[in-house]
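The sequence shown begins at 120 in this note's numbering and counts up one residue at a time.
Using N, Cα and C, we set each Cβ at its ideal position, and we do this for glycine too.
Treat the numbers as computed from the prediction; the structure is a model and nothing was measured.
Working notes, structure below.
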Amino acid sequence: MGRPKKYTKKTLGEAVDRYFASITRVVPLTEKVDTGRRDGDGHKVYENRPVLNSLDEQATVEEFIVPPTVGSLCMSLGIHRSTWAEYCDHDEHPEFTDITTKARERMRTYLEQQLLTRKDVKGVIFDLQNNHGYTEKRQVDLSERASKAVSSRNVPLSERVALIREMVRDFPEEAGTDVQADQ
Numbered sequence: 120m121g122r123p124k125k126y127t128k129k130t131l132g133e134a135v136d137r138y139f140a141s142i143t144r145v146v147p148l149t150e151k152v153d154t155g156r157r158d159g160d161g162h163k164v165y166e167n168r169p170v171l172n173s174l175d176e177q178a179t180v181e182e183f184i185v186p187p188t189v190g191s192l193c194m195s196l197g198i199h200r201s202t203w204a205e206y207c208d209h210d211e212h213p214e215f216t217d218i219t220t221k222a223r224e225r226m227r228t229y230l231e232q233q234l235l236t237r238k239d240v241k242g243v244i245f246d247l248q249n250n251h252g253y254t255e256k257r258q259v260d261l262s263e264r265a266s267k268a269v270s271s272r273n274v275p276l277s278e279r280v281a282l283i284r285e286m287v288r289d290f291p292e293e294a295g296t297d298v299q300a301d302q
């Protein structure tokens with residue numbers, strides 16, 4: 120029999136909420152508005168007014184005082200990364216699914232926001248690719264004939280070579296295309 124779990128669904132949820140509360144703050148948004156007045160030196164006088172959202176409520180933004188990471192979450196919870204990975208396994212711990220999914224989603228959202236606001240995003244991209252399932256895709260658009268030639272393993276080599284020769288004829292000669300196929 121394995122060791123007892125450190126957390127129940129309730130206590131893990133509270134501990135994760137406590138972690139995020141400890142590294143964030145909610146800041147009300149304000150904007151400087153010209154009052155129409157001038158100071159003694161003739162400069163415009165501005166005042167801060169609340170920014171209202173579409174619901175006519177003051178808009179706020181959640182700021183991370185410290186970036187959220189799996190490592191710091193694990194330290195806060197007093198568990199090892201492997202334990203967190205087990206908690207995130209929906210088959211092994213279905214009772215933690217909502218909690219771990221929301222925590223990972225908050226971290227991913229932070230990283231996505233960083234992609235839009237940072238100048239150097241290499242580390243953010245690395246984290247998203249390695250911890251959140253993002254991939255860098257490069258697509259090459261091939262003609263239908265090229266797709267057949269490239270993807271058809273059961274097509275005999277002679278037919279694939281014929282398709283490639285036909286495609287080469289479609290390129291202008293000034294492109295410097297010089298393709299030969301040995302049979």
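Asked	Found
Whole-Å CB distance - residue 222 paired with residue 247, under 8 Å assumed	Residue 222 to residue 247, Cβ: 16 Å. No contact.
C-alpha gap between residue 127 and residue 167, whole angstroms	46 Å
Cutoff 8 Å; reference residue 134; Cβ partners in own chain excluding five residues on either side	126, 195 and 196
Outcome for residue 288 when other beta-carbon atoms lying within 10 angstroms are tallied against a minimum of 16	exposed
DSSP three-state assignment for residue 221, whether helix, strand or coil	helix
Sheet register partners of residue 165 (DSSP bridge)	153
Anticipated Cβ contact below 8 Å, residue 170 with residue 149, distance rounded	6 Å
Nearest-angstrom beta carbon gap, residue 165 and residue 151 [assumed within contact, 8 Å]	4 Å
Closest by C-alpha distance to residue 136, when choosing among 175, 226 and 161	226
Boundaries of the alpha helix (DSSP H) in which residue 130 is found, first to last residue	128–142
Those residues which DSSP pairs with residue 146 across a bridge	180
Rounded C-alpha distance that separates residue 300 from residue 274	Interpretation of residue 300 is limited by its pLDDT of 48, a score under 50 that renders its predicted location unreliable; no figure is taken from the coordinates.
Pairwise C-alpha distance: residue 218 and residue 286	54 Å
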